[in-house]
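Numbering (this note's numbering), first residue to last: 664 to 749.
Each residue gets a CB set at the ideal place from its N, CA and C atoms; glycine is no exception.
Bear in mind that the values here come from a model prediction, so they are computed numbers and not experimental data.
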């Protein structure tokens, strides 16, 4: 799956990556409990090109930016209490 997204990034551009990130956000309406400490203080991890609204959410502490390229599975959520991603 990583190679598919990498191919899309190289050949079609950042607009499609941003659209895919928005679809993932829309699909996940409610934050899960932290799988390490069971806290409700969990925020989504954003991958891709952030917009100004994404930066505002980051500054408010409601969003964490993921690394650009991660091999293997990418965590979707980050716990603000225990500082672990899952």
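Pair within 8 angstroms by beta-carbon distance, residue i and residue j
i           : j           : result
residue 738 : residue 749 : yes
residue 704 : residue 744 : yes
residue 740 : residue 694 : yes
Residue range of the unbroken alpha helix (DSSP H) whose run includes residue i
i           : result
residue 717 : 715 to 723
Range covered by the beta strand (DSSP E) that runs through residue i
i           : result
residue 742 : 740 to 742
residue 732 : First-last for residue 732: undefined, no H or E at that position.
residue 749 : Counting along the chain, residue 749 falls outside any beta strand (DSSP E), and DSSP gives it neither H nor E.
residue 707 : 705 to 709
Environment of residue i [buried if 16+ CB atoms lie within 10 Å]
i           : result
residue 726 : buried
residue 742 : buried
residue 710 : buried
residue 707 : buried
residue 700 : exposed
Which listed residue (the options) has its alpha carbon closest to that of residue i
i           : options       : result
residue 724 : 731, 730, 716 : 716
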